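For what it's worth, this note's numbering labels the leading residue of the sequence shown as 1, then goes sequentially. Remarks on the structure that follows.
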Amino acid sequence: MEGEEMQTENDEVKNEGDSQQMDSVGEIDQFDKYENLEISEDFVIVAQPSCDIRPKVQAQDVGFKPAGRNEATLSSSSASGVIELLENLCDEKLVSSTQASLLKNKYLKVYKMLNESRDSEFRLVNQSKQYTIELRKLEETLAKAENYPESYNTQADKLREELLTAENQLLCCEGRCDELGYIIEGLRDEEKMLRRECKRKPKGEELENQRIQLERAIEELQTEKLKHTNDGKHLIQTLKEERDALEEEQQLANNTYEQLQSLKDELSGTNPVPIQCQKECAKIEKQQLEAKRLFDDSVVEHNRLQEEMDTLDSCRVQLEMESAKLSRQYAKRHRKIYDMQSDYDAATVELEEAQQKAAEYALQKTEMELNMKHLRSERMRLDEQLKSITRERDIAVRGVRKSEVGLRGLRDAIKFQKALCTEKKNACEQMRQMGSDKELMKRRALLLKDVIGKQNALIGQCNLSESEKNNLEMLLKTESKLKQQLADLVTETVDLSRLATARAEERELKSRELQTATLRYARIRDEVKSKELQILEYEKSLRNTQKQLTDFSNLYNAIREERNNCMNLIQLAQQKMQEMQEKLGMRTNDLKVLQNTSKRTVDLIGQQRIKIKEALHERDQIRQELSKQVCVMRDHETKRDQLQLSIEHENLTIHKTKDHTAKIQNMIGRAIKVRDDRVNQLVERNEEVCVLQEKIRLQEDALAKGELELTRLDEQLRWLGQEKRDLENGIMVLRRKLKQRKELEDEMSSKQVQLAMLQDSSRQMELAVTDPTAQIRDPSTGEPLLDDPVIFGTAASGVLVPVKRLREVSDREPDPAQLRVKIDAIQVQLLTRERKLLECDLLLQAVNRLVANLQGQAAMGRDTTLKLAKKMNERHTDVEQTNKKVKAMVAELKMLRSMAFNLEREVKELRMLVMDIHRSMQMGDFPSEHLKLMWTKAPKHKQSRENVMQRPKNMQLTPGPERHNTYCTQEDTETKEKGEIVDATPPVGTAKFLSQTEPGSKKRPTSPQSS
């Protein structure tokens, strides 16, 4: 029933998400039409109106609610309001067209990213619900597995239960600590956001002043709308750039398609690999069939042995009478040990309860201290932020006052210069009206002639030589050139002064950015310090838990040692029983056959007991693995909760931005109705762009499908590679066994050669022993001895004769009594040595039995180890994939957050720019220096265009007559310098036939001349 309810909830969530996605897609299709437009010079960019201004549908939160709110938040209004606001600002000339287009593109990108994040949130919610269902099922299965059966109530089982419960409690505590830390961080972020919103909210007086300023600016800028038609050209350029970008994307799509085909070809080449794997699997299946056949044979032998056991039960009764005595003694000792163990367990339980209580009190204390420290650190940080904000405000106030004083001085200087310019213009116009301008030019020409004549007369009167005359002429020419260079240097100084002002402004901007960066760095350092404190506190708690675990491990080791001692005592008792059985066998030769058969049956019983112990051990291992999996699933639950909290936080930010856009749309809704007629022309041109965007989306979907197929194929290749590695490992093991076999065969051949040598030597020794006349030889060298080892000093006579085995006895024979005593002593020694040999044989048999048992255990455990290793590898891969997905989602959310912060910062900067422009307009100045320059250059542009239009078509550029600046008057030079300073930047569209390429160059100016 729970699973069906969860599925119905998932269906509802999907339907809601699809409806919202369709709304958002429709809005995006409307707004994408504004991006790529080709506008003629006669038209102006106009926004598409939203005809139906009605309250939007409220979006319900799916599966969760944001912290601190119980009601559903309003959904996002369409993005057309923001785009229309930007277009209104562009029409009213508050923002340039290029800036408006950039802001539109950025806003639409952010809008798309937010829609994608919303879709990913819906998917994550559905996945989390599915994971909860799976977790519930696993918890039920694990709860069934953790319940131990009633028959197993030993001390070891109890200790294992206590250890598992303690570990689970520790994991629960750690998960709670992580959850509380994450909740605290979320609350801090919410606090920061609320404070920022409180600071951003303007006051009522400021809003009224802004409204009044906007109305005045609208009235003043309506007269200048028709002068800025060149902005349409910029939009045409952006359209061309975007078309180029679309072509590049199509090329990339074609490249990816070619790569997919190449990968398919490679996959077709890898198809024969699975055929080899199938052959190897068939071989493995044959081996499995052989193993089953051997198992059936062993079952038949087991049944035969059971029949023999029934015959031996009658003989076993006699032996049980003797073993009953030993069992009574063992029971007495076992009772004493059990009483001691029960007392020890009671004491350990009390100790553990006391330690747990102490640990809980310590954890509560540390949590309280941590909370207090965090609150103090937050208070200190807020105080520091207030101080820094007050300092910045004071610095800004001082800068504003200084700038006001400078502006007043500049305004006075501009007024004075305007008055001088008007006076000079009036004088020039009066001169032109009176006609005295021509008379002055004639006087100037006469004066120049007089000056030249006087110079020639002076040169003639002085009676100078030709070289001196040439020097004078050169000096006059150099003087004229220096004057020209001085004029060029003046223009260069003006340009450099402008560059210096621009660089100073850039330096101020960089200094401001550095201040903000330092503040951010200080905040980050404070956060790092707080996180380090948290880490230290968590390390302390971890150490305490580790100490408790060491105590538990020591207790477990002590109990295990006592258990081993008991088992050793049991083994000693069994050994004594075997010794008694051997004595009875030595005394009674008739019962030897029965004893051997009874020993075989006892060995079979021991094997069965060992198998039972192995099964119990495997069961315990499986339970431990289940407990570990429970811990891992709890960790996944904590991570899922953290992701849900982060998604809630992102939803809050999204809803806030949407509310802000809704407010803006309501404020601008009245001005939208006027521009309904002009939008229809733009919509027709944007339909082509929508078709192209749909094609691009289809291509992106195809690429995504191809990537999914590639990932699936990669997973299949990994699985086949893992199977290949397993088979290679088995082959390596078999090869090692073959190497050992070859070594053993080599050793066997060498031993056979040695055995043949020893047999030959033994034959020679036997012949020498039987021959009494043979010589005595040294066993090490094989040479005959020259000195009798029994009769020392025979070689001292000087005659070296080899010693023979036959030696005459000089003394008489011993008595028969002495011979009997020696014979008895020798028999006793023989008996002792035989006893030792029997003991050694028994030990060898026991060792061989243990080796056989261990080999059987190893063979039985190989399959289980392989299965468990495969399961662990699968779980590891699942965990790694989930971790990668979680990290990717966190990175995407961080990117979205950074994009939102950047957009907020840009909006602030634009608001500040608009405020500065309004202030300058209220003061009566130009809104910006760029507009001021354009205003001053406008008449020159008109004149240059008229000159170009009036110029004849067949025009040639010829060098004009040489003109000397030395004959100009002082007034002409002053007017020339002023004109050069004013005309530093040539108008756009004029012919550059009067400008020199380099300052101080010797090229003559050119003048137009009609052909």
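Note that the Cβ used here is the ideal one computed from N, Cα and C, for glycine as well. In this text the structure is predicted, and so the values were computed from the model without any measurement.
State the DSSP-derived secondary structure class of residue 773, mapped to helix, strand or coil.
coil
Label residue 617 either buried or exposed according to how many other C-beta atoms from any shown protein chain fall within 10 Å of its C-beta, with 16 as the threshold for buried.
exposed
Measure from the alpha carbon of residue 388 to the alpha carbon of each residue in 934, 516 and 350, then state which is nearest.
516
Could you check whether residue 917 and residue 94 sit closer than 9 Å to each other, using their CB atoms as the reference points?
For residue 94 and residue 917, yes; Cβs fall inside 9 Å.
Sub-9 Å separation of residue 186 and residue 648 beta-carbons:
yes
Hey, how far is the Cα of residue 122 from the Cα of residue 350?
51 Å
Under 9 Å between C-beta atoms of residue 900 and residue 405:
no
Which residues mark the beginning and the end of the alpha helix (DSSP H) in which residue 856 is found?
816-923
Excluding the 5 residues flanking residue 823 on each side, which residues of the same chain have their C-beta closer than 6 Å to its C-beta?
none
Mark residue 454 as exposed unless 16 or more other C-beta atoms lie within 10 angstroms of its C-beta, in which case mark it buried.
exposed
Which value, in whole angstroms, describes the spacing of the CA atoms of residue 392 and residue 889?
37 Å
Quick check on DSSP: helix, strand or coil for residue 939?
helix
Since I believe residue 189 is in contact with residue 638 (beta carbons under 8 Å), could you give me their beta-carbon distance rounded to a whole number of angstroms?
That belief does not hold up - the Cβ atoms of residue 638 and residue 189 are roughly 19 Å apart, past 8 Å.
Please return the same chain residues whose Cβ sits closer than 8 Å to the Cβ of residue 536, not counting the five positions on each side in sequence.
none
Using 8 Å as the Cβ pair cut-off and three pairs as the minimum, do the stretch 876-884 and the stretch 622-630 touch?
No: fewer than three Cβ pairs fall under 8 Å.
Residue 404, DSSP secondary structure in three states:
Looking at residue 404 - three-state DSSP - the assignment turns out to be helix.
Helix, strand or coil: how does DSSP classify residue 94 here?
coil
Assess, as a yes-or-no matter, whether the stretch 353-371 is touched by the stretch 536-548 under the definition of 3 or more beta carbon pairs within less than 8 Å.
yes
So, with DSSP's three-state summary, where would you put residue 552?
helix
Close beta carbons around residue 874, own chain, < 8 Å, minus the five adjacent residues each side
none
Is it buried or exposed, residue 961, if we count other Cβ atoms within 10 angstroms and call 16 or more buried?
Its pLDDT being 49, under 50, residue 961 is placed unreliably by the model, and the measurement read from it follows with that caveat. Label assigned to residue 961: exposed.
State the Cα-Cα distance for the pair residue 353 and residue 551, rounded to the nearest angstrom.
13 Å
Considering only the beta carbon of each residue, do residue 107 and residue 125 sit closer than 9 Å?
Not in contact: residue 107 and residue 125 (Cβ atoms no closer than 9 Å).
In three-state DSSP terms, what is residue 350?
helix
What residues in its chain sit with their C-beta under 8 Å from that of residue 650, if we drop five residues either side in the sequence?
117, 121, 893, 896 and 897
Just the C-alpha distance for residue 795 and residue 830, rounded to the nearest angstrom, thanks.
In this predicted model, residue 795 has a pLDDT of only 43, less than 50, meaning its place in the structure is not dependable enough to derive any value.
Using the Cα positions of residue 209 and residue 666, report the straight-line distance between them to the nearest angstrom.
Those two C-alpha atoms are separated by around 19 Å.
Applying the criterion that 16 or more other CB atoms from any shown protein chain within 10 Å of the CB defines a buried residue, is residue 398 buried or exposed?
exposed
Please report how far the alpha carbon of residue 908 lies from the alpha carbon of residue 200, in whole angstroms.
10 Å
When the Cα atoms are used, what is the spatial distance from residue 521 to residue 130?
Computed Cα separation, rounded: 42 Å.
Through-space distance from residue 902 to residue 258, alpha-carbon basis:
38 Å
Does the stretch 694-707 come into contact with the stretch 247-256, if we say contact requires no fewer than three beta-carbon pairs (one atom in each stretch) closer than 8 Å?
yes
Reduced DSSP secondary structure (H/G/I, E/B, other) of residue 465:
coil
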